[in-house]
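In the working numbering, the protein residues as written are 105 to 355. Here the structure is laid out as structure tokens; the discussion comes afterwards.
So this is what it looks like as structure tokens:
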């Protein structure tokens, strides 16, 4: 098989804080990021969506209802409205710019998941690409992921050297070919669909495997020494405070 250029991060990371330390702080907030740092994690996962005016914010859903004190579609507000919106415990709804600044300050690595929602492919990825190009350090610290392959295709065209990962709940049978086409460094797969077969295929092709959202270390134990790269969890101490898992995390 011809070698494929797969831009990747120098540190794959083992334990990744899902939406920050989202069990102890409001998800996708700067407080959740700082809490992950306090817990001993140095990798984050977070979601990026766009407001109606094209401002990139750290937010999972396409509405404000679940995670803020406001309601309605995310597309219905602009940056000028953010001062009136709270994402929990007095935390603002953070912009991507503010999140990236904090990631640099804390020395984190991070998985940035693009959430285009109903937008046409290329709109969100264009904004993300612009923000990352302003920060040369990002190619060494940020891996960009999405469930939307069209969005990743647009992002790859805009940022040929940025590490990317493809997200699946349950991977398609041809997932290795998708990663090859995108020059992707990793596959991210949901806990119920992680398998030894995926780990074997990934090893052959030289790609990382990350599993989400893994909040039960017992379920993950059979995969620990079979090539699993990283675990994305709401509560990093589940792993970092366990002797066996902590040893694995440092390996």
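Even for Gly, the Cβ is constructed at its ideal location relative to N, Cα and C. If you're wondering where the values come from, they're calculated on a predicted model, not measured in any experiment.
Based on DSSP bridge pairs, tell me the residues matched to residue 140.
The residue labelled residue 140 in the question sits at position 36 within the chain shown. DSSP, once it has assigned bridges, lists no residue as partnering residue 140.
Taking the alpha-carbon of residue 276 as reference, which of 253, 265, 268, 258 has the nearest alpha-carbon?
Taking the chain shown and counting its residues from 1, the one referred to as residue 276 is at position 172. Answer by Cα proximity: 253.
In whole angstroms, what separates the C-alpha of residue 256 from that of residue 316?
Here the question's residue 256 lines up with position 152 in the chain shown. Here the question's residue 316 lines up with position 212 in the chain shown. Taking the straight line joining both Cα atoms gives about 19 Å.
In three-state terms, what does DSSP make of residue 345?
By one-based count along the chain shown, residue 345 stands at place 241. Three-state result, residue 345: coil.
Residue 154 vs residue 238 beta-carbon contact at 7 Å:
Looking up residue 154 in the chain shown gives position 50. Looking up residue 238 in the chain shown gives position 134. For residue 154 and residue 238, no; Cβs fall outside 7 Å.
For residue 193, name the three-state secondary structure that DSSP assigns.
Translated into positions along the chain shown, residue 193 becomes position 89. It is coil, neither helix nor strand.
Pairwise C-alpha distance: residue 123 and residue 183
The residue labelled residue 183 in the question sits at position 79 within the chain shown. The residue labelled residue 123 in the question sits at position 19 within the chain shown. Straight-line Cα distance between these residues: approximately 21 Å.
Would you identify the three-state DSSP class for residue 260, choosing helix, strand or coil?
Position 156 of the chain shown, counting from 1, holds the residue named residue 260. Looking at residue 260 - three-state DSSP - the assignment turns out to be helix.
Give every residue of the same chain whose Cβ lies closer than 6 Å to the Cβ of residue 110, excluding the five residues on either side of it in the sequence, and list them in chain order.
Within the chain shown, the letter at position 6 stands for residue 110. Only 287, 289 meet the Cβ criterion.
Given that a residue counts as buried once 16 or more other Cβ atoms are within 10 Å of its Cβ, and exposed if not, what is residue 194?
The residue you call residue 194 lines up with position 90 of the chain shown. The residue is exposed, with fewer than 16 neighbouring Cβ atoms inside 10 Å.
Helix, strand or coil for residue 311? Go by DSSP, reduced to three states.
Here residue 311 refers to the residue found at position 207 of the chain shown. Reduced to three states, the DSSP call for residue 311 is coil.
For residue 162 and residue 143, the rounded distance between their alpha carbons
Numbered from its first residue, the chain shown carries residue 143 at position 39. Numbered from its first residue, the chain shown carries residue 162 at position 58. For residue 143 and residue 162, the distance between alpha carbons rounds to 21 Å.
Can you name the start and end residues of the beta strand (DSSP E) that residue 232 belongs to?
Your numbering for residue 232 matches position 128 in the chain shown. From DSSP, residue 232 is part of no beta strand (DSSP E) but of the alpha helix (DSSP H) over 227-237.
Going by C-alpha distance, which of 224, 172, 343 is nearest residue 318?
Your numbering for residue 318 matches position 214 in the chain shown. With distances taken between Cα atoms, residue 318 lies closest to 343.
For residue 108 versus residue 329, is the C-beta distance shorter than 7 Å?
By 1-based counting over the chain shown, the position of residue 108 is 4. By 1-based counting over the chain shown, the position of residue 329 is 225. Cβ atoms of residue 108 and residue 329: not closer than 7 Å.
For residue 200, is the classification buried or exposed, using 16 other Cβ atoms within 10 angstroms of its Cβ as the cut-off for buried?
The count along the chain shown starts at 1 and reaches residue 200 at position 96. Its Cβ being crowded by 16 or more others within 10 Å, residue 200 is buried.
Just list the residues that DSSP pairs residue 334 with in beta bridges.
Taking the first residue of the chain shown as 1, we reach residue 334 at position 230. Answer is 314, bridged to residue 334.
Measure the alpha-carbon distance for residue 340 versus residue 147 and round it to whole angstroms.
Position 236 of the chain shown, counting from 1, holds the residue named residue 340. Position 43 of the chain shown, counting from 1, holds the residue named residue 147. One C-alpha to the other measures close to 10 Å.
Quick one: what does DSSP say residue 249 is sitting in, helix, strand or coil?
Locating residue 249 in the chain shown gives position 145, where the first residue counts as 1. Three-state DSSP puts residue 249 in a strand.
Burial state of residue 175 (16 or more Cβ within 10 Å):
As a first step, residue 175 is located in the chain shown; it is residue number 71 there, counting from the start. Answer is exposed; the Cβ neighbour count stays below 16.
Check residue 216 in the structure and name its three-state DSSP category.
What you label residue 216 is simply residue 112 of the chain shown in a count that begins at 1. Three-state DSSP puts residue 216 in a strand.
Which whole runs of the beta strand (DSSP E) in the segment 120-187 are 3 residues long or more, in chain order?
147-154, 160-162
From the DSSP output, which residues share a beta bridge with residue 295?
On the chain shown, residue 295 is found 191 positions in, with the first residue counted as 1. Answer is none; residue 295 lacks a bridge partner.
Report the rounded CA-to-CA distance for residue 151 versus residue 140, giving the unit in angstroms.
Here residue 151 refers to the residue found at position 47 when the chain shown is read from its first residue. Here residue 140 refers to the residue found at position 36 when the chain shown is read from its first residue. Distance between the alpha carbons of residue 151 and residue 140 is about 16 Å.
Any idea what DSSP makes of residue 355, helix, strand or coil?
What you label residue 355 is simply residue 251 of the chain shown in a count that begins at 1. In the structure shown, residue 355 sits in coil (DSSP, three-state: anything other than H, G, I, E or B).
Between which two residues does the alpha helix (DSSP H) carrying residue 207 extend?
As a first step, residue 207 must be located in the chain shown, where it is residue number 103. Note, residue 207: alpha helix (DSSP H), 200-210.
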